[in-house]
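Contents: one structure, followed by commentary.
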Amino acid sequence: MNTTNSIGLDNQKSQSLVTSLNTLLSSYQIQYMNARGFHWNIKGRNFFELHLKFEEIYNLLLEKVDEIAERILTIEGKPLHAFSDYLETSKITEAKNISDGADALNNLLAGYKVLIAMQRDILEQAGDAQDEGTAALMSDYIKEQEKLVWMLKAYLN
Numbered sequence: 064m065n066t067t068n069s070i071g072l073d074n075q076k077s078q079s080l081v082t083s084l085n086t087l088l089s090s091y092q093i094q095y096m097n098a099r100g101f102h103w104n105i106k107g108r109n110f111f112e113l114h115l116k117f118e119e120i121y122n123l124l125l126e127k128v129d130e131i132a133e134r135i136l137t138i139e140g141k142p143l144h145a146f147s148d149y150l151e152t153s154k155i156t157e158a159k160n161i162s163d164g165a166d167a168l169n170n171l172l173a174g175y176k177v178l179i180a181m182q183r184d185i186l187e188q189a190g191d192a193q194d195e196g197t198a199a200l201m202s203d204y205i206k207e208q209e210k211l212v213w214m215l216k217a218y219l220n
């Protein structure tokens, strides 16, 4: 019986990573929709700069949604693709009716804290599975988002 997949990774460890990556994918989808809603609904003195920043953020999130889904397929898993699944498995909750810039930014910061923690866990899990592709993806995301968190916090203060 073959215990590795077509890219040479342990099948059992890969399937465990698929589960973790699907939870991450779901969380990204909710963070994306939250950022999209903030972009649409922002009001106030910082409207112009925050409207643009939220668009930049949701575009970055959407790019990662696609990369995560493709990584799941690469390690021979099936990415979740129904919004009901995202709501059920996400570790980030929906944000509704937020139009205040500080509230929106604080919500995004809380979401990034969750994403970064999940990605650190997946990074460790990928290392254990000798899955360099997933590890590299998580490492890149963590580095980018730690800087974004610093900038958003600096903006708020």
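Each residue of the sequence shown is one higher than the one before, starting from 64 at the first, in the working numbering. Cβ coordinates follow ideal geometry from the N, Cα and C atoms, glycine included.
Report back the beta-carbon spacing between residue i and residue j to the nearest angstrom; my notes put them in contact at under 8 Å.
i, j, result
"Y95", "L115", "Going by Cβ atoms, the distance from Y95 to L115 rounds to 17 Å, so no, they are not a contact pair."
"M152", "S89", "Note on residue identity: the sequence assigns Thr, not Met, to residue 152. That pair is a contact at about 4 Å."
"F101", "A167", "4 Å"
"I161", "N109", "Contact flag wrong, Cβ pair sits at about 14 Å."
"D194", "I138", "7 Å"
"I205", "Q182", "5 Å"
"G164", "V81", "Incorrect: roughly 37 Å between the Cβ atoms, too far for contact."
"L186", "Q208", "Contact flag wrong, Cβ pair sits at about 13 Å."
Could you spell out the range, first to last residue, of the alpha helix (DSSP H) harbouring residue i?
i, result
"A198", "195 to 219"
"N85", "74 to 104"
Which one or two residues does DSSP pair with residue i in a beta bridge?
i, result
"T67", "D73"
Is residue i near the ligand FAD, judged by its Cβ being under 6 Å from some heavy atom?
i, result
"N97", "The ligand FAD is absent from the structure shown, which contains no ligand whatsoever."
Exercise for the section: Could you tell me which uninterrupted alpha helix (DSSP H) segments, each at least 4 residues in length, are contained entirely in the region 136 to 182, listed from first to last along the chain? Expected result: 146 to 152
Problem - Three-pair Cβ contact test at 8 Å for the region 192 to 209 versus the region 140 to 149 - result: no
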